[in-house]
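For the sequence shown, our numbering begins at 10 and goes up steadily by one.
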Amino acid sequence: MSIGFCSNDVDGSGRPDQQCVTERARQEQLTIDDAITNGTTGISNVIVMLSPSGTDISGASAVAKATTVLSNGIRLEWTNVDSIQYKITCILIGGEGDSFTDFLQMFTSTTGFTNTLVDGADGFLADMYFIVSFEGNFTPTGSNADSEMSFGFAARSGSTIQQASLTHFFQDNADPTVSKGMVKADRAVITLRSNEDYGFGEITQFNSDGFTIVGHYIDNAPTGGGSPSPAVAVLGIDFKDGLHCKVATHALTTGTGSKTYNSLGIRPQVVVAFSDLIATEGTLYTDATAGSVCASVFTENKEYAHSISHKQGLSLPNPPNPPSSTSALSRTDAKAIAILDENGSISQMATLTAMTTSGFTLNFSNASDAGHMIVLGIESYPPTP
């Protein structure tokens, strides 16, 4: 899975500013290393898809740069393309607003480490941020042996900062396989590690050219592994036309049928969601539900969901005997939500029924396991006075 951002500002080469973070976990047939996993960054790339055997951009299956922002879309230049077919979902946000992309290496401490993102060239007081991060270094070839990504949102609502994040972690070279996951309703970044340590990033202030984020380190490891330091990529947007955007965290309950979510407090024209099968907000999970995550977007006439899952506790026979069960799974659906469980079955699936004055209504055809979703809604135009 690759999550990328592109802004309407340009870099020194005349291309739109862009960043991406990508991950992959694959089924390895001939070694004990079941989930050969990686997270990596793509500076000046909007899409990077890692190959089954590669660990960084140089060996990626597909790499795309955004070269031009058009009046009705975006032009991509592909530099690495193989025979694998990929599904791509784009969110195009128009209007009179402005946007910028940037990144920072976020440091954490047990007492809270204050980090400041300052973009003096292109930054501004944003209305909202899309955020994606992983535990590693943000360099052109920066990578992490484990596959871990954190997805987050932050929005200004008067003097209040609304934020939420969701993360999952697939451990590399683990036999049996290890998955971890967490959702947090009041933090913009979560970072997990192979030990029991983890960290949070709390945005405490939107500034005129970025934001202030405080990194908290939760030291649970008996021997200590050092404080986490995730690479954090952001897209900041200023709407300038009075549009509101809101962030909310919703519990996904079991049981099919129609369910309404009104915590946004606005009538959205588009909702971006990240969802999982983590039943309790704020709790680190390391069981069979931890390895599932879904990225989705829906409007009143379009909806797309991309889900990946990783099997927990799968032991592999010694080579050359292949495993009898697959550890890494993925799926794409024209749905508002579609979350795979660890066995590849659909645990939560829903379509949009309607946008409401305060949120949205979903109709669930599958809802066998509890979970959560974090959502960012952008208000319909014209905005509410």
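Note that CB positions come from ideal geometry on N, CA and C, so glycine has one too.
Only a predicted model underlies this, so the values are computations on that prediction, with no experimental measurement involved.
So, with DSSP's three-state summary, where would you put tyrosine 313?
Residue state for tyrosine 313 is assigned as strand, using DSSP reduced to three classes.
Could you compute how far the alpha carbon of alanine 73 sits from the alpha carbon of valine 90?
9 Å
Please say whether glycine 208 and tyrosine 226 have beta carbons closer to each other than 8 Å?
yes
Can you list, in chain order, the residues of its chain with a C-beta nearer than 6 Å to that of serine 318? Leave out the 5 residues immediately preceding and following it.
Gly300, Ser301, Leu338, Leu349, Glu351
For phenylalanine 369: DSSP bridge partner residues
Tyr270, Met364
Sequence-distant residues of the same chain with beta carbon closer than 6 Å to proline 391, five excluded per side
none
For the putative contact between serine 11 and serine 118, defined by C-beta atoms under 8 Å, what is the C-beta separation to the nearest angstrom?
That pair is no contact at about 31 Å.
Please identify the residue among Met58, Val78, Ser80 whose C-alpha is closest to the C-alpha of serine 92.
Of Met58, Val78, Ser80, the residue nearest in Cα terms is Met58.
Helix or strand or just coil, what does DSSP make of lysine 74?
strand
With 16 other Cβ atoms within 10 Å as the buried cut-off, status of serine 267
exposed
Are threonine 365 and alanine 345 closer than 8 Å when you measure CB to CB?
no
In whole angstroms, give me the CA-to-CA distance for asparagine 81 and isoleucine 97.
When rounded, the distance between both Cα atoms is 17 Å.
Taking all protein chains shown into account, do 16 or more other C-beta atoms lie within 10 angstroms of the C-beta of serine 142, making it buried, or fewer, making it exposed?
buried
Could you work out which residue in Thr169, Leu261, Ala240, Thr31 is closest to isoleucine 199 when comparing CA atoms only?
The residue with the shortest Cα to Cα distance from isoleucine 199 is Ala240.
Would you mind sorting isoleucine 45 into buried or exposed? The rule is 16 or more other CB atoms within 10 Å of its CB.
Because isoleucine 45 sits at a pLDDT of 35, beneath the cut-off of 50, its placement in the model cannot be relied upon, and the point is left open.
Tell me, please, which residues DSSP counts as bridged to glycine 353.
In the DSSP output, where bridge partners are listed per residue, glycine 353 has none listed.
Collapsed DSSP secondary structure at serine 301 in the structure displayed
strand
Exposure label - aspartate 250; buried when at least 16 CB within 10 Å
exposed
With a Cβ-Cβ cutoff of 8 Å, do leucine 201 and glutamate 157 count as a contact?
The Cβ atoms of leucine 201 and glutamate 157 lie closer than 8 Å to each other.
Cysteine 99 - DSSP class collapsed to helix/strand/coil:
coil
Which word fits proline 185, buried or exposed, when buried means at least 16 other C-beta atoms lie within 10 angstroms of its C-beta?
Around the beta carbon of proline 185, fewer than 16 other beta carbons lie within 10 angstroms, which makes this residue exposed.
If you drop the 5 nearest sequence neighbours on each side, which residues of the same chain put their C-beta closer than 6 Å to that of alanine 257?
Ser272, Leu273, Val384
Measuring alpha carbon to alpha carbon, tell me which residue in Glu388, Val223, Pro25, Val279 is nearest serine 108.
Here the closest residue by C-alpha is Pro25.
So the candidates are Ala347, Gly291, Gly224; which of them puts its Cα closest to the Cα of lysine 193?
Gly291
If you draw a straight line from the C-alpha of glutamate 312 to the C-alpha of serine 16, how long is it?
23 Å
Compute the Euclidean distance between the alpha carbons of alanine 379 and glutamine 214, then round it to the nearest angstrom.
33 Å
Taking the straight line between their C-alpha atoms, what separation do you get for leucine 293 and leucine 79?
Using only the alpha carbons, I get a separation of about 42 Å.
With a threshold of 7 Å (Cβ to nearest heavy atom), would isoleucine 97 be considered close to the ligand NAP?
Although the ligand NAP was asked about, the structure shown includes no ligands whatsoever.
Since isoleucine 170 and isoleucine 212 should fall inside the 8 Å C-beta cutoff, what is the C-beta to C-beta distance between them, to a whole number of angstroms?
6 Å
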